[in-house]
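Novice:
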Amino acid sequence: DVIDDIFDAIEYAKPAKPTVRPYTASHSADGYVGAVWARWLDQALTKMRNAVVGERHNTRVKMGRLLGGALAAVRDAGVDPMSDDDAITALYDALAPDEGEEEKELAAIRWGFEHGLSAPLDIPAPPAPPMESLESLDAIFGSAIVEATPDDVAPDVIPSNPEVLPTIHLTDLGNGLRFVDAVKDCVCYVTAWGQWLVWNGKYWEASDDIVIRKIAHAVVIDMYKAAVKDNVLDNELAKWALKSETAARISAMIGEAQPYLCVNVAEFDTKHDYLNIANGIVDLRSGDVVPHDKTWRFTKYIDIAYDPNADRSVIDAFMTTITAGDVELSQYIKRAAGYSMTGRTDEHCLFFAYGNGKNGKSTFMNMLSMV
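Numbering (my numbering), first residue to last: 14 to 384.
1) Once the 5 residues before and after R310 are set aside, which same chain residues still bring their CB inside 6 angstroms of it?
2) Closest to G373 by CA distance: which of V245, I328, L246 is it?
3) Which residue comes first and which comes last in the alpha helix (DSSP H) that contains W11?
4) Report back the beta-carbon spacing between P137 and G82 to the nearest angstrom; my notes put them in contact at under 8 angstroms.
5) Please classify V276: does DSSP put it in a helix, a strand, or coil?
6) Per DSSP, which residues does A219 bridge with? Please list them.
7) Which runs of the alpha helix (DSSP H) spanning at least 4 residues fall entirely within the stretch 42-99, listed in chain order?
8) In this structure, does DSSP put G373 in helix, strand or coil?
9) Please report the distance separating the alpha-carbon of Y352 from that of E360.
10) Are the beta-carbon atoms of V241 and R191 separated by less than 8 angstroms?
11) Buried or exposed, going by whether 16 or more other CB atoms sit within 10 Å of the CB of D198?
12) Grouping DSSP H, G and I as helix and E and B as strand, with all else coil, what is N289?
13) So, at 8 angstroms on beta carbons, what are the nonlocal neighbours of D296 in its own chain, with the 5 sequence-adjacent residues on each side left out?
14) Have a look at the DSSP bridge pairing and note the partners of K242.
15) Ends of the alpha helix (DSSP H) at Y345?
16) List the DSSP bridge partners of C201.
17) How far does the alpha helix (DSSP H) with H128 in it extend, from its first residue to its last?
18) Roughly how far, in whole angstroms, is the beta-carbon of V74 from the beta-carbon of A103, given that I think they are within contact range, below 8 angstroms?
19) What first and last residue would you give for the alpha helix (DSSP H) that runs through L186?
20) Does the stretch 55-64 touch the stretch 104-111, meaning 3 or more C-beta pairs lie closer than 8 angstroms?
21) Classify D296 as helix, strand or coil using the three-state DSSP reduction.
22) If you pair each beta-carbon of the stretch 216-234 with each one of the stretch 251-264, do three or more pairs fall below 8 angstroms?
23) Between which residues of its own chain and T72 is the CB-CB distance below 7 angstroms, once the five residues before and five after are set aside?
24) Cβ atoms of A229 and I263: under 8 angstroms apart, would you say?
25) In this structure, does DSSP put I335 in helix, strand or coil?
26) Determine the contact status of V92 and A205, defining contact as a CB-CB distance below 8 angstroms.
27) Using a Cβ-Cβ cut-off of 6 angstroms (strictly less than) and excluding sequence neighbours within five positions of Q208, which residues of its own chain qualify?
28) Pick helix, strand or coil for M266, following the three-state DSSP scheme.
29) What's the C-alpha gap between F365 and N379?
30) Tell me whether the beta-carbon of G47 lies closer than 8 angstroms to the beta-carbon of A85.
31) What number of angstroms, rounded off, separates the C-alpha of L79 from the C-alpha of A100?
32) Mind checking V245: buried by the 16 CB within 10 Å criterion, or exposed?
33) If we ignore side chains and look at the alpha-carbon of each, how far apart do D111 and R325 end up?
34) Going by DSSP in three states, I181 sits in which element: helix, strand or coil?
35) Quick check: H305 and G214, are their CB atoms within less than 8 angstroms of each other?
36) In terms of DSSP beta bridges, what is V303 paired with?
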């Protein structure tokens, strides 16, 4: 009875979970502005769901500001798709806070949201309407128009020859194609992660939007260079380059390029018997080292170089000490460590280090954690 009373007291002392309501659109969100709002909302909720431990509090603040700014922008444009409380609830429900942190995290979202309301985002300019319908194009080109399938590889139709670029239209799509041509195969987008990746020469590194926008800025600068050829100025291209400097055009360029740079998440980190290290990629089965290769799609990396001729006297002495000279045990531990560095699970094994205190278990595990 005493134990039950203690648990009842603990349960009673817990702070009540904040009340949140399911959200529904309060006004019509049809049309272009509504589509922009839907994209912003999806972006905020996706980033919140994918927030990693240690970044979730800051992400709630940032995404609160994003939603606040987005809602203020579309309201200024005459669309009111959601109430303040519904927007906050949507973000709160995207990723449940840890128990006991509910009030704190809800307050973080509200704080960011209120600041966002005072700084409306810029709604990107709507795309120009097509000059002709699909039926008209079909009448002109006939069988040249085919329905795209999931197996189609879009990058194959993207020009990679700089001489072809001046023929690309002066549109957001044209700018997107310029972006694709500029980054070649050194930038990609993983839809499942909602993440841009940039090849840094050794591995595919997660990149923030700032880096991607800087690349887009460079593409615009190159447009100015392309506008002057053989000391002759292409006035139309120069004017379009100036228009392309706006934030809306920069965002549109990135948005139009993204579909052609998407890579399936299943393509990354599939070389289970290899370890990506400072001086190349080592084959854990043979010890051979090959150069870094972007086509291998590594996102993992260890900033330690492999030297097959390195002095092993220290580690050999350490292994002898912690195994009390048991050669068979030492060899087993080494095999377990090597297997753990692979991406394989076919052995269906889980290793435990056990024994008396101060016999090297933690030191050994700390060493492995560096690899």
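C-beta atoms are modelled at their ideal positions from N, C-alpha and C, and glycine is treated no differently.
Owing to the predicted nature of the structure, the values given are computational and were not obtained by experimental measurement.
Specialist: According to the structure shown:
1) E280, F281
2) I328
3) Nothing can be reported for residue 11, as the shown portion of the chain is limited to 14 through 384.
4) Between G82 and P137 the Cβ distance is about 14 angstroms, and since that is not below 8 angstroms, they are no contact.
5) coil
6) L210
7) 44-62, 69-89
8) coil
9) 9 angstroms
10) no
11) exposed
12) strand
13) D286, Y287, V302, V303
14) V245
15) 340-354
16) L210
17) 115-130
18) With a Cβ gap of about 16 angstroms, V74 and A103 do not count as contacting.
19) 185-196
20) yes
21) strand
22) yes
23) K60, M61, A64
24) yes
25) helix
26) no
27) A219
28) helix
29) 14 angstroms
30) no
31) 11 angstroms
32) exposed
33) 45 angstroms
34) coil
35) yes
36) I294
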